[in-house]
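I have placed the structure first, in the form of structure tokens, so that the comments after it can refer back to it.
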Amino acid sequence: HVPVLKFINDNLHLAITLEQVAEIACMTENAFCRFFRSRLKKNFSQYLKEQRIAKACSLLIQTGRPISDISDLCGYRSTSHFSQVFKSKIRQTPFQYRRSVEKVN
Numbered sequence: 264h265v266p267v268l269k270f271i272n273d274n275l276h277l278a279i280t281l282e283q284v285a286e287i288a289c290m291t292e293n294a295f296c297r298f299f300r301s302r303l304k305k306n307f308s309q310y311l312k313e314q315r316i317a318k319a320c321s322l323l324i325q326t327g328r329p330i331s332d333i334s335d336l337c338g339y340r341s342t343s344h345f346s347q348v349f350k351s352k353i354r355q356t357p358f359q360y361r362r363s364v365e366k367v368n
């Protein structure tokens, strides 16, 4: 599953589909879903969302890029959707997160 994880992490800015990653793993979509969950204890979409949010956190901390750019770089085509997903996972908006980290440093 290493090539699949590398593909996901190298391409977080793209619209990654289950069909694509199953093909990389040389499996059917159903077989890939079972395999992925058995190895990582989470489904593909959960993993993808977690990786995108982790990348967003890094970019918010390490760069001064606009949130709309970070949204695009993390594979979200809508900044408002990105903000909703981010807040559901981190319990802060991207702007609040960036400010809270700046205050600590």
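Numbers in the numbering used here are just positions in the sequence shown, counted from 1, shifted up by 263.
A virtual CB, placed ideally from N, CA and C, is assigned to each residue, including glycine.
Quick caveat: nothing in here was measured; it's all calculated off a predicted structure.
Check whether the Cβ atoms of residue i and residue j sit closer than 8 Å, and answer yes or no.
| i | j | result |
| --- | --- | --- |
| ALA285 | PHE295 | yes |
| ARG300 | ASN306 | yes |
| GLU292 | LEU277 | no |
Excluding the five sequence neighbours on either side, which residues of its own chain have a C-beta within less than 7 Å of the C-beta of residue i, listed in chain order?
| i | result |
| --- | --- |
| LYS350 | THR356 |
| ILE287 | PRO266, VAL267 and PHE270 |
| SER334 | THR342 and PHE345 |
Got a sec? Which residues, its chain only, sit under 6 Å from residue i by beta carbon, not counting five neighbours each side?
| i | result |
| --- | --- |
| ILE324 | VAL364 |
| PRO329 | none |
If we count the other Cβ atoms within 10 Å of its Cβ and call it buried at 16 or more, is residue i buried or exposed?
| i | result |
| --- | --- |
| VAL267 | buried |
| GLY327 | exposed |
| PHE345 | buried |
| SER321 | exposed |
| CYS289 | exposed |
| ARG361 | buried |
| ALA319 | buried |
For residue i, which residues of its own chain have a beta-carbon under 8 Å away from its beta-carbon, when the five flanking residues on both sides are left out?
| i | result |
| --- | --- |
| SER331 | THR342 |
| TYR339 | ARG315, PHE345 and VAL348 |
| LYS352 | LYS312, GLU313 and ILE316 |
Following a CB-centred definition, is residue i positioned closer than 7 Å to any heavy atom of the ligand NAD?
| i | result |
| --- | --- |
| LEU275 | The ligand content of the structure shown is nil, which means the ligand NAD is not present either. |
Check whether the stretch 305-323 and the stretch 268-282 touch, using three or more Cβ-Cβ pairs below 8 Å as the test.
Counting Cβ pairs under 8 Å, three or more are found: they touch.
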